[in-house]
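In the numbering used here, the protein residues as written are 122 to 367.
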């Protein structure tokens, strides 16, 4: 048991959104029964860095606790992030966006490259498997490091991650926020993101959330949306004019 002031959050963590209602319920539980499961931390200097238990930590602070139970483990940055990701995945606490961002962080650490560079490499590797570019985009050591990350989390193949998960990070901001907060499923979010008119997309997103529309209903609504004047004007421009304009 240590003072809660001796625990700090890591710079990188897979979970960023905490449901306010669930957090409030945990606060009440902690007030009545205390923390039933210790926080997992690693020693950093004279303090500790939180590895797993972010929601419990926040609830403990709100409940007014000055001390919390901990389990201490020695681990490096990659191990810490991997354990935090796996811990949250096992609890089903991460939404698809956080899951994707967490895996990307792991890959960046394992390959010792910036996340943007990792994304570019992954796309080139996928093109390589499809025969679109020459082989050996990455060295054997990098390929092994990448495969070890996906083997370690045992969640999905890297090809599926590139094809189905990375595109989530390019969703429009309003759709991405709703997805991050768990207000809509990612298959529905992907469909809604295809509506280019921001006003129409915002209305459809609100309707889909408020009325809990099915994916089929969302697609029907998208087909019923008439293109705006701007959209029609844009579609009437020749490809060469669009190219010159860009």
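For every residue, glycine included, the Cβ atom is placed at its ideal position computed from N, Cα and C.
Cut-off 8 Å between Cβ atoms - residues of its own chain near residue 203, not counting five sequence neighbours on either side: 227, 270, 273, 274
Nearest neighbour of residue 208, chosen from 196, 264, 312, 161 [CA to CA]: 161
Other residues of its chain near residue 225: CB distance less than 6 Å, five sequence neighbours each side excluded: 236
Residue nearest to residue 196 in terms of C-alpha spacing, selected from 317, 189, 177, 164: 164
Ranges of the alpha helix (DSSP H) found wholly within the region 295-350, counting only runs of at least 4: 307-313, 319-331, 336-345
With 16 other Cβ atoms within 10 Å as the buried cut-off, status of residue 192: exposed
Buried versus exposed, by CB contacts within 10 Å (16 or more), residue 222: buried
Alpha carbon of residue 323 to alpha carbon of residue 194, nearest angstrom: 46 Å
CA-to-CA distance, residue 366 to residue 355, given in whole angstroms: Caution is warranted here: a pLDDT of 48 is assigned to residue 355, below 50, making its placement in the model unreliable, and the coordinate value is therefore given only provisionally. Each residue's alpha carbon lies about 11 Å from the other.
Range covered by the beta strand (DSSP E) that runs through residue 163: 160-165
Three-state class that DSSP yields for residue 233 in the structure shown: coil
Of the residues 142, 184, 124, the one placed nearest residue 152, counting alpha carbons only: 184
Secondary structure of residue 143, DSSP reduced to three states: helix
The region 275-291 contacting the region 244-255, beta-carbon criterion three pairs below 8 Å: yes
Helix, strand or coil at residue 193 [DSSP, three-state]: strand
DSSP three-state assignment for residue 152, whether helix, strand or coil: helix
Proximity to residue 142 [Cα-Cα], best of 320, 180, 169: 180
Distance, residue 126 Cα to residue 343 Cα: 51 Å
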